[in-house]
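Undergrad: So for the sequence shown, full-length UniProt numbering puts the first residue at 1; every next one is plus one.
C-beta atoms are modelled at their ideal positions from N, C-alpha and C, and glycine is treated no differently.
Note that the structure is predicted; figures quoted are calculated from it, not measured.
Starting off with a structure, shown below.
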Amino acid sequence: MPVAYCRTPLGITRITEDDGFISAISALDEEREVTPAPTALLQSAIDQLDEYFAGTRKVFDLPIKQPGTSFQQKVWNQLLQINYGNTISYGQQSNKMNDPLAIRAIAAANGKNNLWIVVPCHRVIGSNGSLTGYAGGLWRKQWLLEHEARVMGIGQTKLQF
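Structure (structure tokens):
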């Protein structure tokens with residue numbers, strides 16, 4: 001599986017390609033050498049992430065596929081419906097999925113999302129507006145939400161949680 005590493009405002013990001021699809025994008029907490037992408041698809045993913053961080057891209061256009069159960073796939077597909085700059089609660093997400101009792105299962109599936117930023121689980125917050133679990137760290141989740149609010153020119157430029 002080809003892999004690329006790129007530098008972002010939130011640290012080094014690892015991008016994995018598998019069989020013509022981007023299968024994983026994750027933020028790393030350690031430093032790593034950044035080298036040219038070994039494939040055109042990985043370079044496209046890097047370019048699109050650069051555009052996202054520059055505030056010029058709000059929707060990703062990449063072939064993506066990550067392994068997961070049919071329930072997880074359904075949850076991740078619903079995440080793709082959350083517009084840039086918006087947030088929903090886990091309860092709202094469960095209602096949109098017509099499964100209001102599955103809040104914990106939905107939260108667990110969000111936590112297993114391997115496609116950081118592209119499948120925007122960072123846009124799901126607690127019902128009281130609080131930041132809740134995020135695999136990349138709550139500081140990254142807050143940064144991403146503030147970045148999108150700033151780009152959209154909505155609300156505060158610094159969110160208070």
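Please list, in chain order, all residues of the same chain as L131 whose beta carbon is under 7 Å from its beta carbon, the five residues on each side excluded.
TA: I125, L138, K141, Q142 and F161, listed in sequence order.
Undergrad: For S127, which three-state DSSP category applies?
TA: It is coil, neither helix nor strand.
Undergrad: How big is the Cα-Cα spacing for D99 and Q93?
TA: Cα to Cα, D99 sits roughly 9 Å from Q93.
Undergrad: Please go through the same chain and pick out, in chain order, the residues whose beta-carbon is closer than 8 Å to the beta-carbon of G85, but skip the five residues on each side of it.
TA: So the qualifying residues of the chain are K58, E148, A149, V151, M152 and I154.
Undergrad: Roughly how many angstroms lie between the CA atoms of A107 and I25, to the nearest whole one?
TA: Each residue's alpha carbon lies about 19 Å from the other.
Undergrad: DSSP puts residue 163 in a beta bridge; with which residues?
TA: With the chain covering only 1 through 161, there is no way to say anything about residue 163.
Undergrad: Specify the secondary structure class of Q142 as computed by DSSP and reduced to three states.
TA: DSSP places Q142 in helix when its eight states are reduced to three.
Undergrad: Just verifying my parser: in three-state terms, what is the DSSP assignment at I12?
TA: Here I12 sits in strand by DSSP.
Undergrad: Do S23 and Q73 have their CB atoms nearer than 8 Å?
TA: Contact: no.
Undergrad: State the Cα-Cα distance for the pair C121 and G111, rounded to the nearest angstrom.
TA: Between C121 and G111, the C-alpha separation is close to 8 Å.
Undergrad: Evaluate R123 with the Cβ neighbour count: other Cβ atoms within 10 Å of its Cβ, from every protein chain shown; 16 or more gives buried, anything less gives exposed.
TA: By the 10 Å Cβ count, R123 comes out buried.
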